[in-house]
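Protein chains in written order, with the working numbering: chain A, -16 to 264; chain B, -16 to 264.
Every residue, glycine too, gets a C-beta built ideally from N, C-alpha and C.
Predicted model only: the values in this text are computed from it and were never measured.
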């Protein structure tokens, strides 16, 4: 496995692969890899000749009061994981090279970036769309994969890829969960023992909603209210949002249909976690 | 010469060129070609194996009260010009394919887009950065060339290309002028006979400023004021802005140095024209 830190070296590598007719698959990450990331690596591995994983904790997607500094990092562990998974290139760029001063250019995906997570994280998706655009221009992948835990992010990336004519196939991989249903996330590390137990309520309440929908409940307010109550029954929880949306437009639905998405962001203590499920599954 | 109207066909063409190791040069235009465009075509022609010219009147760079509808178009004439210049591909996409509904993604280059032309045309450079990003992803050029008449545009494109890691070399070509000094522009067509004569004052006043700087005047206010007065002496003129700026940052200079840029936008009757010169030349 090659570890590349320089942007021009990554571009040259990908140019050569493309000239040789090899298909480049790409998994962009912020590192501190867990089984969720590894599942994405395994999914795209089958579909490409050369597999590139990037590790970059992207400062432009963190708000000024967010956890950029304390976001967990462990490059050596990540490197070992990637080697085990048969990754061909680990791209691990330097922050000053990714955002040299003066840095002025940003990609925005209007409307989709102002709802759901965009309400409490107003510049988050601008940072995401910008770094993914940059990485697409550096790694030059034929296909890239994103996890469904960040459901809104995946929708935004698909829209941006189509709008800006990036010739990149966008794949998604399902959420990987702990045995009690908690979605894997690097931020789960922030939870103390009690919070970790409490965090299981997120998926439990989403499962309840799936069950209710199967039993004929199709009023979104009714579904959302029940999820809200079951979460607030657990001490130390604070709800950021619970939304029941069309899976493509992310617009709230008036009546729930198969495949609509129930998504939420909830604080467990001070840790903000997100999760989502498709209804009718 | 190949005329391509479909985005995937253009992308496939460029993919094949790149696989064959051919260098793609690109001249993006809004059509109604004049000697200014042709000079850019000739400049980049020497440096590439395959020359692509695009013709697309980009709606997102026009304001709601601007001249999108009446902007001059003559595809057959443009096609003949391109054929004569040895252009390999004329890319002439369909508006609904470039901006399918819903279209949500935009590229912004902060700060640089709010000054000079950005004051009276607040969304103009967002539209420019967006369409150029799209065209870079469709045409996949190794090099692209922009005219210096749109000086601010060229600075913004250079910044965007660097920031977003497009692996495209940005070239610029000098302004081509009529015999009385008027910079060539598709919008000169809007001028009536008297306005056309009056329009010569733009370059005449800029030449005067170059002369004054050579004679030791380095106070930007003094230079700008003299340009303003000489333009306002001509009936039917209205000044949008006159700026004396650093050629890289576009920030106003406090004292003029060699190579600083004097740029202006002036209404001649109802037609808004722009022009600029480097001082010390």
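* Looking at the structure shown, is residue 219 of chain B part of a helix, part of a strand, or coil, going by DSSP? -> Assigned with DSSP and collapsed to three states, residue 219 of chain B falls in coil, not helix or strand.
**Item:** Close-in-space but distant-in-sequence residues of the same chain around residue 193 of chain B (CB under 7 Å, 5 per side omitted)
**Value:** The residues are 260, 262 and 264.
> For the putative contact between residue 14 of chain B and residue 61 of chain B, defined by C-beta atoms under 8 Å, what is the C-beta separation to the nearest angstrom?
Replying inline: Yes, residue 14 of chain B and residue 61 of chain B are in contact; Cβ-Cβ is about 5 Å, under 8 Å.
Problem set entry | Among B/204, B/252 and B/195, the one whose alpha carbon lies nearest that of residue 222 of chain B | Residue 222 of chain B has its Cα closest to that of B/252, out of B/204, B/252 and B/195.
Among B/197, B/206, B/142 and B/172, which residue has its Cα nearest to the Cα of residue 55 of chain B?
Of the candidates B/197, B/206, B/142 and B/172, the residue whose Cα lies closest to the Cα of residue 55 of chain B is B/172.
Neighbour-count burial assignment, residue 162 of chain B, 16 or more Cβ in a 10 Å radius: Under this definition residue 162 of chain B is an exposed residue.
Beta carbon proximity, residue 37 of chain A to chain B, threshold 9 Å: Chain B contact via Cβ: absent.
Is residue 58 of chain B buried or exposed, if buried means 16 or more other CB atoms sit within 10 Å of its CB? Within a 10 Å sphere around the beta-carbon of residue 58 of chain B sit fewer than 16 other beta-carbons, which makes this residue exposed.
*Output yes if chain A places a C-beta closer than 9 Å to the C-beta of residue -13 of chain B; else output no.*
Not one beta carbon of chain A lies nearer than 9 Å to the beta carbon of residue -13 of chain B.
Under a three-way DSSP split, which group does residue 56 of chain A fall into?
Judged by DSSP in its simplified three-state form, residue 56 of chain A adopts coil rather than helix or strand.
Query - Beta-carbon contacts of residue 96 of chain A that lie in its chain and below 6 Å, excluding the five residues immediately before and after - result: Cβ neighbours of residue 96 of chain A beyond the five flanking positions: 108.
**Asked** For residue 9 of chain A, which of helix, strand or coil comes out of DSSP?
**Response** Three-state result, residue 9 of chain A: strand.
| message | So with CB distances below 9 Å, who are the chain A contacts of residue 117 of chain B? | response | Within chain A, the residues near residue 117 of chain B are 146, 147 and 148.
Can we say the region 225 to 245 of chain A touches the region 7 to 27 of chain B, given the rule of at least three CB pairs closer than 8 Å? Here the region 225 to 245 of chain A does not lie against the region 7 to 27 of chain B, with fewer than 3 beta-carbon pairs under 8 Å apart.
Grouping DSSP H, G and I as helix and E and B as strand, with all else coil, what is residue 158 of chain A? DSSP places residue 158 of chain A in coil when its eight states are reduced to three.
request  = At 4 residues or longer, and completely inside the region 199 to 251 of chain A: list those alpha helix (DSSP H) runs for me, N to C.
outcome  = Taking 4 residues as the shortest admissible run, the region 199 to 251 of chain A contains the following complete alpha helix (DSSP H) segments, listed from N- to C-terminal end: 203 to 215.
Less than 9 Å separating the beta-carbons of residue 256 of chain A and residue 138 of chain A?
Cβ distance not < 9 Å, so residue 256 of chain A and residue 138 of chain A don't count as in contact.
Bridge partners - residue 74 of chain A, DSSP secondary structure assignment: Paired residue(s): A/-13 and A/37.
Would residue 67 of chain B pass as a contact of residue 34 of chain B if the rule is Cβ separation under 9 Å? By the CB criterion at 9 Å, residue 67 of chain B and residue 34 of chain B fall outside the cutoff.
Worksheet item: So is residue 27 of chain B buried or exposed if we call it buried at 16+ other beta carbons inside 10 Å?
Response: So residue 27 of chain B counts as buried.
Review point. Measuring CB to CB, does residue 91 of chain B end up less than 9 Å from residue 91 of chain A?
Key: Closer than 9 Å, so yes.
- Item | CB contact below 9 Å: residue 267 of chain A versus chain B | Given a span of -16 to 264 for chain A in the structure shown, any question on residue 267 of chain A remains unanswerable.
* Asked: residue 87 of chain A touches chain B at which residues, Cβ-Cβ below 7 Å?
  -> Among the residues of chain B, those whose CB is under 7 Å from the CB of residue 87 of chain A are 92, 93, 94, 95, 142 and 146, following chain order.
**Request:** Verify whether the separation of the beta carbon atoms of residue 123 of chain B and residue -3 of chain B is less than 9 Å.
**Result:** Taking the C-beta atoms as reference points, residue -3 of chain B is found nearer than 9 Å to residue 123 of chain B.
What did DSSP end up calling residue 116 of chain A once you bin it into helix, strand or coil? In this structure, residue 116 of chain A counts as helix in the three-state DSSP scheme.
Which bits of chain A does residue 25 of chain B rub up against, with CB to CB less than 9 Å?
-> Here the premise fails: no neighbours, minimum Cβ distance about 28 Å.
* Is it a yes or a no for the region 166 to 186 of chain A touching the region 119 to 133 of chain B, going by three-plus beta-carbon pairs under 8 Å? -> Here the region 166 to 186 of chain A makes no contact with the region 119 to 133 of chain B; the two share fewer than three CB pairs at distances below 8 Å.
key: Sub-9 Å separation of residue 19 of chain B and residue 168 of chain B beta-carbons   = Contact: yes.
Out of curiosity, what's the CA-to-CA distance linking residue 65 of chain B and residue 154 of chain B?
-> Each residue's alpha carbon lies about 19 Å from the other.
- Query: Beta-carbon of residue 153 of chain A versus every beta-carbon of chain B: anything under 9 Å?
  - Reply: Output row for residue 153 of chain A: interface = no.
> Can you list the residues of chain A that residue 199 of chain B reaches, using a CB-CB cut of under 8 Å?
Replying inline: Those within 8 Å of residue 199 of chain B in chain A number zero; the least Cβ separation is about 32 Å.
field: Cβ-based burial, residue 203 of chain B [other Cβ within 10 Å; buried from 16]
entry: Result: buried.
Residue closest to residue 132 of chain A, alpha-carbon to alpha-carbon, out of A/258, A/176 and A/48: Here the closest residue by C-alpha is A/258.
Worksheet item: Which residue from B/3, B/76, B/212 and B/148 puts its Cα closest to that of residue 39 of chain B?
Response: When C-alpha distances from residue 39 of chain B are compared across B/3, B/76, B/212 and B/148, the shortest belongs to B/76.
Partner residues on chain A for residue 181 of chain B, Cβ-Cβ distance less than 8 Å: Those within 8 Å of residue 181 of chain B in chain A number zero; the least Cβ separation is about 37 Å.
* To do: For residue 142 of chain A, collect the residues of the same chain with a Cβ closer than 8 Å to its Cβ; drop the 5 residues on either side in sequence, then sort them by chain order.
  => Correct list, in chain order: 92 and 95.
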